[in-house]
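Have a look at the structure below before the remarks.
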Amino acid sequence: MARILVLEDELMLNEMICDYLVSNNYECVGVKSYDEALDLAYDQNFDLWVFDVKIIGGNGFELLDSLRAASKLTPCIFTTSLNSINDLNKGFLSGCDDYLKKPFELKELLLRVQNLIKREFSHKNEKVENLDNNYTYDIATKTLKKNDKQVKLSKKESDLLALFLKNKNRLITREEIYAQIWDIGEVPSELSLRVYIRNLRIHLGERIISKPKLGYIYVV
1 MARILVLEDE LMLNEMICDY LVSNNYECVG VKSYDEALDL AYDQNFDLWV FDVKIIGGNG
61 FELLDSLRAA SKLTPCIFTT SLNSINDLNK GFLSGCDDYL KKPFELKELL LRVQNLIKRE
121 FSHKNEKVEN LDNNYTYDIA TKTLKKNDKQ VKLSKKESDL LALFLKNKNR LITREEIYAQ
181 IWDIGEVPSE LSLRVYIRNL RIHLGERIIS KPKLGYIYVV
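Taking the UniProt record's numbering, I'd label the letters of the sequence shown as residues 1 to 220.
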């Protein structure tokens, strides 16, 4: 049974969400504050987080940003009454996987939950074999190995490789890479990106193709 952490400071809505998810065969833990959610997300394993943005003791964007910085990769859905494009962008830059505007139907939330958990369970078993010269890459743990020995990559190099492998043979623009790889508040650097690409090519050869002024393609 998949476990879901729900952060919602409106008690009635919190209980409605949890009761509905439980009735659909999920285990659900509901909390109301930033600190409660932070402690549980660090200490316990969940398959999905559902975070409100305006919460007691902080906000959901900052919470998820802190968890992502600590390499907590559990998928997350934001629920919020904020509806500007800047808020949407901030949510995705902090590392969320989906964004649901209030008010919403519980059925819609359930559909999004089902989609993300299905994807997460699939990724947990997904391994890319034989990238080149006996290399393997585990997307779930973001670990590159050669002959079963781990290859040292920086966090951004590992995140970038995961992004390429999930988007094989598709052009990924620099803007998309910046949004996915750089943390909120960080200033993206084209020079740094080139260094990460060069380091990955040491292991993967010329599979990563540069498209001037556009972006990069991982070719298989």
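The C-beta atom is built at its ideal place from N, Cα and C for all residues, glycine as well.
Query	Result
Range of the contiguous alpha helix (DSSP H) that encloses K155	155-165
Three or more C-beta pairs below 8 Å linking the segment 143-151 and the segment 185-193	no
Cutoff 7 Å; reference G205; Cβ partners in own chain excluding five residues on either side	D132
Stretch pair the segment 111-120 + the segment 147-167: three plus CB contacts closer than 8 Å	no
E216, DSSP secondary structure in three states	Correcting the residue identity first, residue 216 is Tyr in this sequence and not Glu. Three-state result, Y216: strand.
One or two residues paired with Q150 in a DSSP bridge	K145
Selected residue, minimal CA-CA separation from residue 254, among L106, K213, I208, D65	Here the chain covers residues 1 to 220 and nothing more, so residue 254 does not appear.
T173 classed as buried or exposed, judged by whether at least 16 other C-beta atoms fall within 10 angstroms	exposed
Top-ranked residue by Cα proximity to F46, from N86, K72, H203	K72
Beta strand (DSSP E) segment containing D98, residue limits	98-101
Y26 in three-state terms, based on DSSP	coil
DSSP three-state assignment for G58, whether helix, strand or coil	strand
Integer-rounded CB distance, given that V50 should sit under 8 Å from V6	5 Å
Per-residue burial, F104 [other beta carbons within 10 Å of its own, 16 or more giving buried]	exposed
Test item: CB-CB of K101 and T74 under 9 Å	no
For Y26 and G57, believed in contact at Cβ under 8 Å, the rounded distance	With a Cβ gap of about 25 Å, G57 and Y26 do not count as contacting.
The alpha helix (DSSP H) enclosing S192, as first and last residue numbers	190-204
Continuous alpha helix (DSSP H) stretch holding L38: start and end	34-43
Rounded separation between K156 and A162 - CA only	10 Å
Endpoints, the alpha helix (DSSP H) within which I177 is located	174-181
Length of the line joining the Cα atoms of I4 and V29	6 Å
Outcome for V31 when other beta-carbon atoms lying within 10 angstroms are tallied against a minimum of 16	buried
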